[in-house]
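S.K.: Protein sequences, first through last, are from chains F and B. Letter by letter, the first sequence follows residues 1 to 530 in UniProt numbering. Letter by letter, the second sequence follows residues 1 to 530 in UniProt numbering. For glycine and all other residues, C-beta sits at the position ideal for the given N, C-alpha and C. Next up is a structure, given as structure tokens.
2 protein chains.
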Amino acid sequence: MNKLRLSDSSSLQNSETVNKVWSDFERSVRSAHQKRCADTRIIRAADLDIDLSLQHNSQEMNDASVALLEAHHFNTMRQALFRGEHVNWTEDRPALHTALRQSPAPEVVSAQIAESLACMKAFVDQCNARNQFRNIVHLGIGGSDWGPRMVWESLRGHETRRKLRFAANIDAQAITTALDGLDPRDTLLVIASKSFTTIESITNAKYALQWMRNAGVEDPYAQTVALTANRKAAQAFGVPDAQIFEFWDWVGGRYSLWSSIGMSLALTLGWSTFLQLLAGARDMDTHFMDSPVQTNAPVQMALSAVANTSVLGYSSQVICPYDARLAGFVMWLQQLEMESLGKSVDENSRPIRLHISPAVWGMPGTDSQHTFFQWLHQDQTGAPVDFIVRRSADCQHPEHQRLLVANCLAQRATLWQGKPLEQVRQELAQAGRSEDDIEKLAPHLVHPGNRPSTLIVLPELSAHTLGSLLALYEHKVFVQSVLWGINPFDQWGVEFGKNMARRMTQGDQQALGDLDASTRYWMQSLLSDG
Amino acid sequence: MNKLRLSDSSSLQNSETVNKVWSDFERSVRSAHQKRCADTRIIRAADLDIDLSLQHNSQEMNDASVALLEAHHFNTMRQALFRGEHVNWTEDRPALHTALRQSPAPEVVSAQIAESLACMKAFVDQCNARNQFRNIVHLGIGGSDWGPRMVWESLRGHETRRKLRFAANIDAQAITTALDGLDPRDTLLVIASKSFTTIESITNAKYALQWMRNAGVEDPYAQTVALTANRKAAQAFGVPDAQIFEFWDWVGGRYSLWSSIGMSLALTLGWSTFLQLLAGARDMDTHFMDSPVQTNAPVQMALSAVANTSVLGYSSQVICPYDARLAGFVMWLQQLEMESLGKSVDENSRPIRLHISPAVWGMPGTDSQHTFFQWLHQDQTGAPVDFIVRRSADCQHPEHQRLLVANCLAQRATLWQGKPLEQVRQELAQAGRSEDDIEKLAPHLVHPGNRPSTLIVLPELSAHTLGSLLALYEHKVFVQSVLWGINPFDQWGVEFGKNMARRMTQGDQQALGDLDASTRYWMQSLLSDG
Numbered sequence: 001m002n003k004l005r006l007s008d009s010s011s012l013q014n015s016e017t018v019n020k021v022w023s024d025f026e027r028s029v030r031s032a033h034q035k036r037c038a039d040t041r042i043i044r045a046a047d048l049d050i051d052l053s054l055q056h057n058s059q060e061m062n063d064a065s066v067a068l069l070e071a072h073h074f075n076t077m078r079q080a081l082f083r084g085e086h087v088n089w090t091e092d093r094p095a096l097h098t099a100l101r102q103s104p105a106p107e108v109v110s111a112q113i114a115e116s117l118a119c120m121k122a123f124v125d126q127c128n129a130r131n132q133f134r135n136i137v138h139l140g141i142g143g144s145d146w147g148p149r150m151v152w153e154s155l156r157g158h159e160t161r162r163k164l165r166f167a168a169n170i171d172a173q174a175i176t177t178a179l180d181g182l183d184p185r186d187t188l189l190v191i192a193s194k195s196f197t198t199i200e201s202i203t204n205a206k207y208a209l210q211w212m213r214n215a216g217v218e219d220p221y222a223q224t225v226a227l228t229a230n231r232k233a234a235q236a237f238g239v240p241d242a243q244i245f246e247f248w249d250w251v252g253g254r255y256s257l258w259s260s261i262g263m264s265l266a267l268t269l270g271w272s273t274f275l276q277l278l279a280g281a282r283d284m285d286t287h288f289m290d291s292p293v294q295t296n297a298p299v300q301m302a303l304s305a306v307a308n309t310s311v312l313g314y315s316s317q318v319i320c321p322y323d324a325r326l327a328g329f330v331m332w333l334q335q336l337e338m339e340s341l342g343k344s345v346d347e348n349s350r351p352i353r354l355h356i357s358p359a360v361w362g363m364p365g366t367d368s369q370h371t372f373f374q375w376l377h378q379d380q381t382g383a384p385v386d387f388i389v390r391r392s393a394d395c396q397h398p399e400h401q402r403l404l405v406a407n408c409l410a411q412r413a414t415l416w417q418g419k420p421l422e423q424v425r426q427e428l429a430q431a432g433r434s435e436d437d438i439e440k441l442a443p444h445l446v447h448p449g450n451r452p453s454t455l456i457v458l459p460e461l462s463a464h465t466l467g468s469l470l471a472l473y474e475h476k477v478f479v480q481s482v483l484w485g486i487n488p489f490d491q492w493g494v495e496f497g498k499n500m501a502r503r504m505t506q507g508d509q510q511a512l513g514d515l516d517a518s519t520r521y522w523m524q525s526l527l528s529d530g
Numbered sequence: 001m002n003k004l005r006l007s008d009s010s011s012l013q014n015s016e017t018v019n020k021v022w023s024d025f026e027r028s029v030r031s032a033h034q035k036r037c038a039d040t041r042i043i044r045a046a047d048l049d050i051d052l053s054l055q056h057n058s059q060e061m062n063d064a065s066v067a068l069l070e071a072h073h074f075n076t077m078r079q080a081l082f083r084g085e086h087v088n089w090t091e092d093r094p095a096l097h098t099a100l101r102q103s104p105a106p107e108v109v110s111a112q113i114a115e116s117l118a119c120m121k122a123f124v125d126q127c128n129a130r131n132q133f134r135n136i137v138h139l140g141i142g143g144s145d146w147g148p149r150m151v152w153e154s155l156r157g158h159e160t161r162r163k164l165r166f167a168a169n170i171d172a173q174a175i176t177t178a179l180d181g182l183d184p185r186d187t188l189l190v191i192a193s194k195s196f197t198t199i200e201s202i203t204n205a206k207y208a209l210q211w212m213r214n215a216g217v218e219d220p221y222a223q224t225v226a227l228t229a230n231r232k233a234a235q236a237f238g239v240p241d242a243q244i245f246e247f248w249d250w251v252g253g254r255y256s257l258w259s260s261i262g263m264s265l266a267l268t269l270g271w272s273t274f275l276q277l278l279a280g281a282r283d284m285d286t287h288f289m290d291s292p293v294q295t296n297a298p299v300q301m302a303l304s305a306v307a308n309t310s311v312l313g314y315s316s317q318v319i320c321p322y323d324a325r326l327a328g329f330v331m332w333l334q335q336l337e338m339e340s341l342g343k344s345v346d347e348n349s350r351p352i353r354l355h356i357s358p359a360v361w362g363m364p365g366t367d368s369q370h371t372f373f374q375w376l377h378q379d380q381t382g383a384p385v386d387f388i389v390r391r392s393a394d395c396q397h398p399e400h401q402r403l404l405v406a407n408c409l410a411q412r413a414t415l416w417q418g419k420p421l422e423q424v425r426q427e428l429a430q431a432g433r434s435e436d437d438i439e440k441l442a443p444h445l446v447h448p449g450n451r452p453s454t455l456i457v458l459p460e461l462s463a464h465t466l467g468s469l470l471a472l473y474e475h476k477v478f479v480q481s482v483l484w485g486i487n488p489f490d491q492w493g494v495e496f497g498k499n500m501a502r503r504m505t506q507g508d509q510q511a512l513g514d515l516d517a518s519t520r521y522w523m524q525s526l527l528s529d530g
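Next comes the structure, spelled out in structure tokens:
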């Protein structure tokens, strides 16, 4: 294994330094938490404003953060990422998604990428020139699904050339709903699977091909495209060679939106929109590479996350875009963060002692306010929130936009401000409640406050700003992985259950022998007469 | 305040007992956790099978649980709930959602409910007889939205009389998307708001009325229905009196699906389907009232939740329905649990010392497997999972159904079973990896296992089984609230941010004076030229 990391001897020499900087960092975070300081701290990154004013902060914390980054060789690791060194060392390969948006990259992949983009563009141009395919059905799951799905949901309001539908789940509901009402003769199947063995995507693709055959399509494979890192498997499946668009093992599934996985978007939103998405991400790459750490948005967001998780003990990170179209962004981010950081073992293959990797979940506001904001305000701990809001006045609906923005700002402000017991008592007294009532009721109306959040302001929701937003979070997660000492690019935990499912459907008795009695009972009851 | 609780003196005398039973319970849970026992334990409740075999359990834990329930006067509290005593004591009122499904209830509300159901049915019959309204647009948010939305998404596959669309968010995207393509002359607006002051629902309703006027509808109010506990406000808004369907202050928003809030479902899925939903919930009420605690599904699920949260320290509860149609169920449950349990103060108005109220989030499988199951398997702690699966063979798609069920069972089994270091080493050796590689890689492939989960098996997805499922969780949450000593029926934390948003849009300078500098900056930048 040609693993990229600092040599063991250097990291052992370093361990005392690391312990020291961590304890300095912890002390500084606790102190900032106690002081509840809210100095304005807004970072401009690409076209985005990232406001960290309501994250705990202080000069002492800044100094400790710089030392922490240095102790973890942040500069070296950042360079290693962009240069294509084997940062994914458990799988012995680089993670070069940044190269896909044409940020500086090793020449050999630049050539591959340019060729792939040219092939994609040629296919899109050809479909447009021939006016082919009114409908695209994109069949992928996880990393091959969330990226395109989220971008489509965010930008579909613009004029689109074609309809796009998605089916991911193995539940037949997904594929039957996706195909419902479409004309099979005018539909292109896009099979997106890095390995081209993903059971969901292959099963749904077979179903869709049969649906085409049933409708009299003579050569359904002619209406099929594969987006994959396994050309041979796609060929064997029957996809014509010219319709296989490759990406490579150094593109992680959850970073694959920037690769040929974006094909369905290029076909529907247009080639130039796809390029704008890449350009937005590239602008954030540049910011991440070039900005000093104090004004580097991914770095500062990561430091807040580390402070909140590893020092203050928060177990969740909540995401609330105040834009209904960004519902899918929450899912995309959930995968990015939880697959990247949901690990227990560090770069030295030892258990991590810090508390890392919060659960990431959320929902667009204002829906979320009526769903779980009670918990954010009054649970024993709550969780930090990332608020995302767009600046554009959206002149057609000024009243709606004004209320949307006010709610976002108000929730963020009140989570921070809180409402102390004395204020509650005064309000109850003003409302004419009796002393006895106030005594019993007031504690239930207290809001502890001091609950941190980040505000991200987009000038508008466009392919460019969305590209920047996604890259912002990609790099934030990378910085967290550096500080926590884990490999964010592998996902060994995804295979175990999948393999067990395959063995169950194949009736592999050896594998099943060790299973608990309840599982064996349900296999008998639910699977045996399948 | 006419608060229902055990008298302070009795609870003070009781406090030693309570401490004792809690420490017995804690010890029993830790011991069961260590023993990793998985004896089969399946409870039949209504038509559902609830399998708790892979939750930590033992005879000792059973005994301690019984004592815990007794110390918290569970039997008395359960009776008080159904009898309409003031279990919502901070708001001095009963919580009688069970009466809405005609489980035994005080006679006075029975009469109200029967009358309301008769009015609802008459309106539905009239619309059907006149063949009125091809489209229903339901305007509510939170409790006035998730219930109907989730049931609609779950059951819309059946033949439906009318189209139903929802708009909840104040983001104009929600209402414009909901109205897009509908014929205003053939559309009924259903405004669902308990207070009839909810800013989102009222703003969206005004927008929709204007949309009707713009299309030449002369009397848009004639095509408007109100579902509310505030008849006067609905009248003042302009809704004809005969089209106002009331519910009452003793129906909490998150329990209001069973009230007139179900109107949109009755109009689309049919009156008998709505009654089946109620009947399914009633069957679960009966199970909850009559079953001994050892075989009482809501009680046992609550005990597992309390063990996982308050003893083992889990901070999340993950929900994975293996049915794509149940995506909305996760949101409904998120509100139910997090608004009900997201509190910090107990029935004596003192801070709760136990760790309570996990974050509740999730996603249908198999999508979730490709999103956050890495974290469930290999994060330092992960979280307990509720798996939900349907039994029905769904003969049209046997291959899909088989794979769906196998994946559900496999994930549950592997989370419990784990994969120890020695097994990983063997597998790597068999795969031909070098000793050096195995040494470094093996720890990254370990799955600790012993991660608990519940499996709920539905015979099919129908109005009846869905009703049972929802009531199961309602009662589970109630039992948790009893054991944690909190009022699950209030939500004081929802008001604070909402009020601040109102003050911001009204430019209330007094309220704004205390705000942090960043919030004031963004108000200036984002709201001042609105």
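Which residue comes first and which comes last in the beta strand (DSSP E) that contains residue 497/F?
M.R.: Where residue 497/F is concerned, there is no enclosing beta strand (DSSP E), although the alpha helix (DSSP H) it sits in stretches over 495 to 506.
S.K.: Between 429/F, 64/F and 526/F, which has its C-alpha nearest residue 441/F's C-alpha?
M.R.: Selected option, being the one with the closest Cα: 429/F.
S.K.: Give a yes or no on whether the C-beta atoms belonging to residue 460/F and residue 391/F are separated by under 9 angstroms.
M.R.: Yes; because the gap between Cβ atoms is below 9 angstroms, this pair is in contact.
S.K.: Taking only beta-carbon atoms, is residue 397/F less than 9 angstroms away from chain B?
M.R.: Closer than 9 angstroms to some Cβ of chain B, the Cβ of residue 397/F qualifies, so yes.
S.K.: Taking 8 angstroms as the limit between beta carbons, can you name the residues of its chain near residue 481/B, skipping five residues before and five after?
M.R.: Answer for residue 481/B: 340, 341, 487 and 488, listed in chain order.
S.K.: Is DSSP giving residue 15/B helix, strand or coil here?
M.R.: If DSSP states are grouped into helix, strand and coil, residue 15/B belongs with the helices.
S.K.: For residue 318/F, does the count of other Cβ atoms within 10 angstroms reach 16, so buried, or fall short, so exposed?
M.R.: By the neighbour-count rule (16 or more Cβ atoms within 10 Å), residue 318/F is buried.
S.K.: Taking any Cβ of chain B, which residues in the stretch 44 to 72 of chain F have a Cβ under 7 angstroms from it, in chain order?
M.R.: Flagged, chain order: 51, 53 and 54.
S.K.: Leaving aside the five residues before and after residue 198/B along the sequence, list all residues of the same chain whose C-beta is less than 7 angstroms from its C-beta, in chain order.
M.R.: Taken in chain order, the residues that qualify are 141.
S.K.: My assumption, with CB atoms under 8 angstroms, is that residue 377/F sits in contact with residue 493/B. Please give the rounded CB distance.
M.R.: Contact holds; Cβ gap of about 3 angstroms.
S.K.: Report the start-end ranges of each alpha helix (DSSP H) in the stretch 401 to 482 of chain F that is 4 residues or longer and not cut off at the edges.
M.R.: As far as the stretch 401 to 482 of chain F is concerned, its whole alpha helix (DSSP H) runs of at least 4 residues are 421 to 430 and 435 to 445.
S.K.: What does residue 362/B pair with, by DSSP beta-bridge criteria?
M.R.: Answer is 319/B.
S.K.: When you compare only the Cα positions, how much space is there between residue 5/F and residue 89/F?
M.R.: Bear in mind that the predicted position of residue 5/F carries a pLDDT of just 49, short of 50, making it too unreliable to give a figure here.
S.K.: Can you give me the Cβ contacts of residue 301/F inside the same chain, cut-off strictly under 6 angstroms, excluding the 5 residues immediately before and after it?
M.R.: Closer than 6 angstroms at the Cβ level, and outside the excluded window around residue 301/F, lie 476.
S.K.: According to DSSP, simplified to helix, strand and coil, what is residue 159/B?
M.R.: Residue state, collapsed to three classes: coil.
S.K.: Within the continuous alpha helix (DSSP H) that includes residue 51/B, where are the two ends?
M.R.: Not the alpha helix (DSSP H): residue 51/B falls in the beta strand (DSSP E), residues 48 to 51.
S.K.: On the three-pair Cβ rule with 8 angstroms, is the stretch 40 to 51 of chain F touching the stretch 272 to 292 of chain F?
M.R.: Yes, since at least three Cβ pairs between the stretch 40 to 51 of chain F and the stretch 272 to 292 of chain F fall closer than 8 angstroms, the two stretches touch.
S.K.: Find the nearest neighbour of residue 15/B within the set 71/B, 104/B and 331/B, judged by alpha-carbon distance.
M.R.: Ranking 71/B, 104/B and 331/B by Cα distance to residue 15/B puts 71/B first.
S.K.: Taking only beta-carbon positions, decide if residue 224/F is within less than 9 angstroms of chain B.
M.R.: By this cut-off, residue 224/F is not an interface position.
S.K.: On the CB-based measure, 16 or more other CB atoms within 10 Å of its CB, does residue 213/F come out buried or exposed?
M.R.: So residue 213/F ends up on the exposed side.
S.K.: For residue 414/B and residue 335/F, which I take to be in contact (beta-carbon distance under 8 angstroms), what is that distance rounded to the nearest angstrom?
M.R.: Wrong, their Cβ atoms sit about 19 angstroms apart, outside the cutoff.
S.K.: Answer yes or no: does any C-beta atom of chain B fall closer than 9 angstroms to that of residue 518/F?
M.R.: By this cut-off, residue 518/F is an interface position.
S.K.: Would a C-beta distance cut-off of 9 angstroms place residue 472/B and residue 456/B closer than the cut-off?
M.R.: Result yes, Cβ atoms of residue 472/B and residue 456/B sit closer than 9 angstroms.
S.K.: Using 8 angstroms for Cβ pairs, my map puts residue 345/B next to residue 479/B. What's the rounded Cβ distance?
M.R.: No, residue 345/B and residue 479/B are not in contact; Cβ-Cβ is about 19 angstroms, not under 8 angstroms.
S.K.: Would you mind sorting residue 115/F into buried or exposed? The rule is 16 or more other CB atoms within 10 Å of its CB.
M.R.: Result: exposed.
S.K.: Three or more C-beta pairs under 8 angstroms: does that hold for the stretch 249 to 261 of chain B against the stretch 219 to 229 of chain B?
M.R.: Because the criterion of three Cβ pairs below 8 angstroms is met, the stretch 249 to 261 of chain B and the stretch 219 to 229 of chain B touch.
S.K.: Using beta-carbon positions only, say whether residue 281/B and residue 56/B come within less than 9 angstroms of one another.
M.R.: The answer is no: Cβ separation not under 9 angstroms.
S.K.: Out of 99/F, 50/F, 261/F and 39/F, which one is the CA nearest neighbour of residue 147/F?
M.R.: The candidate whose alpha carbon is nearest that of residue 147/F is 261/F.
S.K.: Counting only runs that start and end within the stretch 194 to 276 of chain B, where is the alpha helix (DSSP H) found for 4 or more residues in a row?
M.R.: The qualifying runs are 199 to 214, 231 to 237 and 263 to 268.
S.K.: Using a beta-carbon distance below 9 angstroms, is residue 322/B in contact with chain F?
M.R.: True, the Cβ-Cβ gap to chain F drops below 9 angstroms.
S.K.: With a threshold of 8 angstroms on Cβ separation, who are the neighbours of residue 406/F within its own chain once the five nearest residues in sequence on each side are excluded?
M.R.: Contacts found: none.
S.K.: On the criterion of 16 or more Cβ atoms from any shown chain inside 10 Å, does residue 34/B qualify as buried, or is it exposed?
M.R.: It is exposed - the Cβ of residue 34/B has fewer than 16 other Cβ atoms within 10 Å.
S.K.: Counting only the same chain and skipping the five closest in sequence on each side, list residues whose C-beta sits under 6 angstroms from that of residue 305/F.
M.R.: Here the set comprises 480.
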